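These protein sequence lines are chains A and B, in that order.
Residue 10 is where the first sequence starts when you use the working numbering, and the numbers rise one by one after that.
Residue -16 is where the second sequence starts when you use the working numbering, and the numbers rise one by one after that.
Don't be surprised by glycine CBs; every beta carbon is placed ideally from N, CA and C.
All of these numbers come straight from a predicted model, not from anything done at the bench.
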Amino acid sequence: MVAMPLFTSKNMSRVIKELSIQSETVILDGKIIFSSEEKELGGFLKDLYKHTGINYGKFFKMDYLSKLGFLSSELLLKDVEEIKPETDEVALIFANTSSSLNTDIKYQKSMEDIPSPAVFVYTLPNIVIGEISIRNKFYGEHIFLVQAKYDKNILLKYADSLFETTATKYALVGWLELSPTENYNVQLMLCAKK
Amino acid sequence: MSTLNKELKEELKAKLIEQLNLEDFEVSDINDNDLLFGGEGLALDSIDALEIIVLLEKEYGIKLDDPKKGKEIMQSIQTLADFIERKR
C-alpha cells in the first residue's frame, strides 16, 4: 500500500451511481429497482440474487454481510463498461457499525458443538471485500472501517486521497451495515476520479 | 453394491448439498463417482473439505485420524460412503 496523507483537501470524486438497500427494497439512483415481500433477510437476499440474473455458485456460501455487499457491487458495476476486470484501478471503501457481529454470534453458537469452518471464515467484516475482489479480479486499494455512524463525507475524502495518491480511478464507497438482529442498511456509491 | 451403501450415498449427497450450501445442485445432479474437488464435478474448496470432516464427526461419529488419507477418502461420494461403511 502506498503511504498517503489523510486527507487531501481536493474534491476528486464524481459519484456515478448510488445504491440503497433497506426494508426489502433496492433503490438505484433514486428509482426502486427491486422490492420483495420476503421479510426474512436470507429469503430477501436469495430473491435479489435471482433478480440480478447472475450465476455464481459461491454466493450461496457467503454470510449475509458478504451477500449484501456482493449483490450491491453487482448492481453498481452492471453495465459500467469502462471498468474492466483484472485491475488495480478500483478501490473498495466500506464502513459499518456492527462489523461482522451477525456472523460472529452464529460462530459463537456453533462452538457449543463442533464449530463450523465455513462460518468462521466470515468472522471479519473485510471478507466482503475479498468476495467482491475475487469476483471481479480487483487488486486495488481497500479498507473496511468500523464507525459509530455513517459519515459519507469522511469516506468520500478517503476516496479523494486514493484518487490523488494511488492508481485508483474508480471506487465503491459507502455504508454496509448488518446488525446482529439482521437489520440492514446499505448506502453505497460508485465514484470515479474527476 | 449393497442397498445400505446406495442409501448412504443418497443421504451423503443430500447432507453435502445442505451443509455446503450447494444450492445449484440437486441430489440427482451428483453421480457417485463425480470428483468432489478440482475443476470438475462439484468443484469444492478447502473450507468445504473441513466442513466434510465436521460432518463425518457430527453425523456419523467418525474422526478422520490420518489427514493424509483425506484426499483419497474425499475423492467422491463413493469413496466417502465406502469409508463410512468401513468405519461403522
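Checklist entry - Just curious, the alpha helix (DSSP H) that Leu(-13)/B is in, first and last residue? => result Per DSSP, Leu(-13)/B belongs to the alpha helix (DSSP H) from Thr(-14) to Gln2.
Checklist entry - Can you list, in chain order, the stretches of the beta strand (DSSP E) that have 3 or more residues and sit fully within the segment 117 to 152 of chain A? => result none
Item to check | Interface residues of chain B facing Ile123/A [CB-CB closer than 7 Å] | outcome: Val37, Glu40 and Lys41, listed in chain order.
Checklist entry - Just reading off the beta strand (DSSP E) that Asn162/A is part of, what are its end residues? => result Run containing Asn162/A: none in the beta strand (DSSP E); it sits in the alpha helix (DSSP H), Lys161 to Thr174.
Next on the checklist: Measuring straight from C-alpha to C-alpha, what distance separates Leu(-9)/B and Val155/A?
Outcome noted: 46 Å
Item to check | Residue of Ser32/A, Ile138/A, Pro94/A and Leu171/A minimising C-alpha distance to Lys48/A | outcome: Ser32/A
Next on the checklist: Let me see if you follow: with CB-CB separation under 7 Å, is Gly66/A close to chain B or not?
Outcome noted: yes
Checklist entry - Phe79/A CB to nearest chain B CB: under 7 Å? => result no
Checklist entry - Taking Cβ-Cβ distances shorter than 8 Å, what residues in chain B pair up with Phe69/A? => result Asn4, Leu5, Glu6 and Asp7
Item to check | Local conformation of Ser44/A per DSSP, three classes | outcome: DSSP places Ser44/A in strand when its eight states are reduced to three.
Checklist entry - Can you find a CB in chain A that lies within less than 7 Å of the CB of Glu86/B? => result Since the displayed chain B opens at -16 and closes at 71, residue 86/B lies outside it and no answer follows.
Item to check | Endpoints, beta strand (DSSP E) assigned at Glu186/A | outcome: Tyr179 to Leu187
Checklist entry - Which residue comes first and which comes last in the beta strand (DSSP E) that contains Gln156/A? => result From DSSP, Gln156/A is part of no beta strand (DSSP E); its letter is neither H nor E.
Checklist entry - From Lys178/A to Ala100/A, what distance separates their C-alpha atoms? => result Distance between the alpha carbons of Lys178/A and Ala100/A: 8 Å.
Next on the checklist: Closer than 7 Å between beta carbons: that is the criterion. Which residues of the segment 127 to 144 of chain A meet it against chain B?
Outcome noted: Ala127 and Val130
Item to check | Same chain, Cβ closer than 7 Å to Asp113/A, neighbours up to 5 away in sequence not counted | outcome: Thr132
Next on the checklist: So, does the segment 3 to 14 of chain B touch the segment 102 to 112 of chain A, judging by three or more C-beta pairs under 8 Å?
Outcome noted: No, the segment 3 to 14 of chain B does not touch the segment 102 to 112 of chain A.
Item to check | Check whether Thr17/A and Ser170/A have beta carbons under 7 Å apart | outcome: yes
Checklist entry - Is DSSP giving Arg23/A helix, strand or coil here? => result strand
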